[in-house]
Structures are given as C-alpha cells and as structure tokens.
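A short worksheet on the structure shown next.
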Amino acid sequence: MFFNDKSRLYQVFQYLINFINKKKILYYNNKFHYNINFSKHEERKIVENQIKNHLEDFVSLRVSDIMIPRSDMIVVPSSIDLEKLCDTFIEYSFTRIPVYNKIPDEIIGFVHLKDFLPYVRNNEGFDIHKIIRKIIYIPRSTKCIDLLIKMRKETTHISVVIDEYGGTEGLIMIELLIEKIVGDIRDEHDIERPEQIQIHKISNNSYMLDARTSIEKIKSSIEDIDWLHNQNGEYETIGGFVLSHLGRMPTKGEVIKDDNRFEIEIIDTDMRKIKMIRLTVFEN
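According to the UniProt record's numbering, the sequence shown is numbered sequentially starting from 1.
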C-alpha cells in the first residue's frame, strides 16, 4: 500500500503509530498487548506492517458496519439525578455515556466520568447540563477512515450515527475504529464477559451463540449448516434467523426444532430482543 504525506491513510497510519507508542502496546500472536518498547527497531516494523495490512480492509468500511446498534446503546436522560447516574457508571463500567433530552432519539451530548466524579463527594449544585460534552453526528454512510480523522481533529471519542430522518441509529466510539485496524486491545483492567464471546463450542455439535453473531460468521465456523441462509436479505444474524423462522419474539427457555437439521434453545432474552441461544446441529 502506498502512503504519501498528505493522504488520509498516512494521517491515520501516523495517528495509530503514535497511539500505540503512547499506550505502550505490544503486538504478537495476532493480538496487541501492553508494554511495547519502541526502542527496538524490529518491534516497530512488525507493528507498522500489521497496521498497513489492516488499513487496506479498513478503508472500505462504513460506520454502519461496526456501530453499536441503538438497541444495545446505554443512554441516560438529561433529567437523571446524581445517584442514578452514579449507579449507571458503576453498573456498566463506562467512562462516557450519551445523554438524551426527551426521547433516546434526541441525543444532546455525552457525560464523561472524570467530569462527574467531583460531584460524588459533594453533590451540591449538580446539574448534568454543566458537564455535558458535545457529540458528533454522522450519517450511516460515513466511511470509518473519514470519521477517525474527524474525531482525531475534533479531539472527541464518541459519535452518534443518525438515519435519514435525524433519528439515532447507533453509536461509534473511537476505540471501535482503532480496534478494527489493530485488533482487540486489552489491558489488566479488561475482563472478557461471557456475552462478548460470539461462538463457543460446548460439545461436538452444540454451540453457545450471541444472538448478534452474523450468519456469515456461523457458516464459516460451523460444519453441516448449509441450511442456514439469509433469504431475501431479511436478516443478518442468528437472532434474526430465529425471529424470521418463528414470526414472533420467542420466550426464554423455548426450544425450536427443525426436522433432523437443528435445535435452537433460547438461553436469554429481554422484552425487545434475543440475547443468547444454544445451537445444536444434527449430523447429516
């Protein structure tokens, strides 16, 4: 891949090199880990080459490909009191939380944990509007590389994806963009939760799946699953397949069987969506 000093790719490349150097991240075994030492020429070359390789795929991505969908966003109303806001920060371990005005579609900004902390000891005069930071609004068609450059220039780490009517469609954090290039970045404070593991084999022909797992990923990871396909583009995930197959929202514990092909058990749901399922594939 060719880089010139004025290209968007070069800007992103330099930003990522500086980011990794600042965070002291080390790359090995297809993962980035903390404690890199860029004084070693070999290590720097490995990282540079890896970033260049991943950038080739990154340039074609749009924010709609990687955004956190609206149904999975954690947001708070501008009317929230200090105690409930504190509980939200603790429950989800986030450092930034979007704030909406009257309805979740009306995101007006976000609150950062470090702006909120001074009020924990002394809650006098707390007004969330005093600590709301501005947020970037972008259409779903925006290219990820353009957004990364924009967020870097405006020194913000969070953006809201809007639809053609101005409604909230999803959320993008700068970490999502960076991890699409350098892979999953974890430090000593990160804990991998079970629901983040999209495909987990629990027996020879049984799998635990996040309902958001894509049909494409399942078909590339599991054998004897030719029956699983997306007719007419109606769905993209295994959760969408279940909804299309049933024509309704399933209940927790419900079991769906289809001849001698598969069995799906609904492990976890909420009122709006399927969360986890167990898929058993019968051998042909």
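Cβ atoms here follow ideal geometry from the backbone N, Cα and C, with glycine treated the same way.
Taking 8 Å as the cut-off, the beta carbon of residue 254 is found closer than this to the beta carbon of residue 266. Rounded to whole angstroms, the gap between the alpha carbons of residue 130 and residue 73 is 23 Å. DSSP places residue 156 in the coil class of the three-state scheme, outside both helix and strand. Leaving aside the five residues that flank residue 221 on each side, the residues in its chain whose CB is nearer than 8 Å to its CB run, in chain order, 199. A Cβ-Cβ distance of about 7 Å is found for the pair residue 116 and residue 89, placing them in contact under the 8 Å criterion.
A straight line joining the alpha-carbon of residue 150 with that of residue 139 spans about 13 Å.
In the DSSP assignment, residue 118 falls outside any beta strand (DSSP E) and within the unbroken alpha helix (DSSP H) covering 118 to 121.
The criterion of a C-beta distance shorter than 8 Å is satisfied by residue 236 and residue 214.
Here residue 257 carries a strand assignment [DSSP, helix/strand/coil]. In the three-state DSSP reduction, residue 248 falls in the coil class, being neither helix nor strand. Sequence-distant partners of residue 143 (beyond 5 residues in either direction) whose C-beta falls short of 6 Å from its own C-beta, in its chain, are 62. Beyond the five residues adjoining it in sequence on each side, residue 59 comes within less than 6 Å, by CB distance, of 145 in the same chain, given in chain order. Shown here, residue 283 sits in coil according to DSSP, grouped into three states, outside any helix or strand. Runs of the alpha helix (DSSP H) lying entirely within the stretch 89 to 147 and spanning at least 4 residues, in chain order: 113 to 116, 118 to 121 and 128 to 131.
Rounded to whole angstroms, residue 162 and residue 204 show a C-alpha spacing of 43 Å. In the DSSP annotation of this structure, residue 223 is not part of any alpha helix (DSSP H), being labelled neither H nor E. Residue 113 has its alpha-carbon roughly 15 Å from the corresponding atom of residue 81. Each of 67, 97, 66 and 240 was checked against the Cα of residue 76, and the nearest Cα belongs to 97. Taking every protein chain shown into account, the CB of residue 65 has fewer than 16 other CB atoms within 10 angstroms, so this residue is exposed.
Residue pairing of residue 161 in beta bridges, as defined by DSSP: 138 and 170.
The Cβ-Cβ distance between residue 277 and residue 209 falls below 8 Å. Here DSSP, grouped into helix, strand and coil, assigns residue 59 to coil.
Listed as beta-bridge partners of residue 151 by DSSP are no residues whatsoever.
Look at residue 275 here: in three-state DSSP terms it is strand.
Assigned with DSSP and collapsed to three states, residue 75 falls in coil, not helix or strand. Remark: C-beta atoms of residue 136 and residue 159 approach each other more closely than 8 Å.
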